[in-house]
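Before any comments, here is the structure.
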Amino acid sequence: MMTADTLPTGAAQPDASGAPTLRKRLTDWIWHIHGSVPLDPGQSPDEAFDRLDPLFRTTGTARERNGDTLTFSKRDAAAQDRMAVFSGGMLWIEAQAEGLVLRYRLLSKALLYCFLAPLLFLAFAQATVALGKLESPKIEAKKPKAKKTPAPLNPIDKALGAPAPEQPKKKGGDDDKDKKPSPTAGYVFAGIFATLYAIGRVFEARRVGALFRRSLRQG
-6 MMTADTLPTG
4 AAQPDASGAP
14 TLRKRLTDWI
24 WHIHGSVPLD
34 PGQSPDEAFD
44 RLDPLFRTTG
54 TARERNGDTL
64 TFSKRDAAAQ
74 DRMAVFSGGM
84 LWIEAQAEGL
94 VLRYRLLSKA
104 LLYCFLAPLL
114 FLAFAQATVA
124 LGKLESPKIE
134 AKKPKAKKTP
144 APLNPIDKAL
154 GAPAPEQPKK
164 KGGDDDKDKK
174 PSPTAGYVFA
184 GIFATLYAIG
194 RVFEARRVGA
204 LFRRSLRQG
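Here it is as structure tokens:
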């Protein structure tokens, strides 16, 4: 049904059953989404790809079909593109005991960036903590020594109208200068992007599966 010649060079190789599988990498799960949708009884691969074709006939999308395999890549996809979150991928038809099945493996740079963003902000936070530790000795050295409170006037001087001794003045603005750099902002942004990645990873996997299923049943 499919041969190595029909697959993108370096992107995938067929396994013993002839189905394409991407090279195994420990990081593939981060930005790859894969799944399968069964075809309706009597639906041919040509009919299935014809119904899926509108999803890939969009601005910025390059697609190529070889037999029962379709590969695509996107560049500067429009916002209204229903597949805009995916930068490329592969779809193929596979024969199973229960019938034909559409299998797909898609890659998303958006998911990859959302995964890397928390690591970047955590690195900023740790750098801020390290900087704070380096600045601590300097801040301690800059702190002024405690000044003695002047003695109160004795009753005789007070009776003669002598002025009271002046209290030492506090220097304004030193508190802000002595504050250590805070890593809080880095941790907050790391948490935000980690949440976005977790939600997006689950949501996009379900959304694209439902999109393919709906497209295959239209007609």
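Counted the way our numbering counts, the sequence shown spans residues -6 to 212.
The beta carbon of each residue, even a glycine, is placed where N, CA and C say it ideally should be.
Same chain only: Cβ atoms within 6 Å of residue i, ignoring 5 sequence neighbours per side
i: LYS102; result: SER80
i: GLU187; result: Looking at the sequence itself, residue 187 is Ala, so the reference to Glu does not match. Once the five neighbours on either side are set aside, the close Cβ partners of ALA187 are PRO111.
i: SER29; result: VAL94, ARG96
i: ARG68; result: GLY53
i: THR51; result: ASP74
i: VAL201; result: none
i: ALA71; result: THR52
i: GLU91; result: none
i: ALA183; result: PRO111, PHE114, LEU115
Residue(s) in a DSSP beta bridge with residue i
i: LYS67; result: THR54
i: LEU104; result: None; LEU104 has no bridge partner.
i: LEU84; result: LEU63, TYR97
Cut-off 7 Å between Cβ atoms - residues of its own chain near residue i, not counting five sequence neighbours on either side
i: ARG44; result: SER208, LEU209, GLN211, GLY212
i: PHE65; result: PHE49, THR54, ALA55, ARG56, GLY81, GLY82
i: GLY179; result: PHE114, LEU115, PHE117, ALA118, THR121
i: ARG75; result: LEU48, LEU204
i: THR2; result: Confidence in THR2 is poor, its pLDDT being 37 and thus under 50, which makes the residue's placement too unreliable to answer from.
i: ARG194; result: LEU104
i: PHE42; result: ARG58, LEU63
i: ARG206; result: VAL30
Reduced DSSP category for residue i - H, G, I as helix; E, B as strand; rest coil
i: LEU19; result: coil
i: PRO13; result: Its pLDDT being 46, under 50, PRO13 is placed unreliably by the model, and nothing is read from it.
i: SER29; result: strand
i: GLY92; result: strand
i: GLN211; result: coil
i: GLY35; result: coil
i: ARG194; result: helix
i: VAL201; result: helix
i: PHE79; result: coil
i: ALA118; result: helix
i: LYS173; result: coil
i: ALA183; result: helix
i: ALA41; result: helix
i: ASP46; result: helix
Cβ-Cβ distance between residue i and residue j below 7 Å
i: GLU87; j: ARG98; result: no
i: ILE26; j: ALA191; result: no
i: LEU189; j: CYS107; result: yes
i: LEU100; j: TRP22; result: no
i: LEU124; j: PRO174; result: yes
i: LEU63; j: LEU32; result: no
i: PRO34; j: ASP61; result: no
Interface flag, residue i vs chain B, CB-CB below 7 Å
i: THR51; result: Note that chain B does not occur in the displayed structure, where there is just one protein chain.
Residues of its chain near residue i, where Cβ-Cβ distance is below 8 Å and the 5 sequence neighbours each way are ignored
i: ALA77; result: LYS67, ALA70, ALA71
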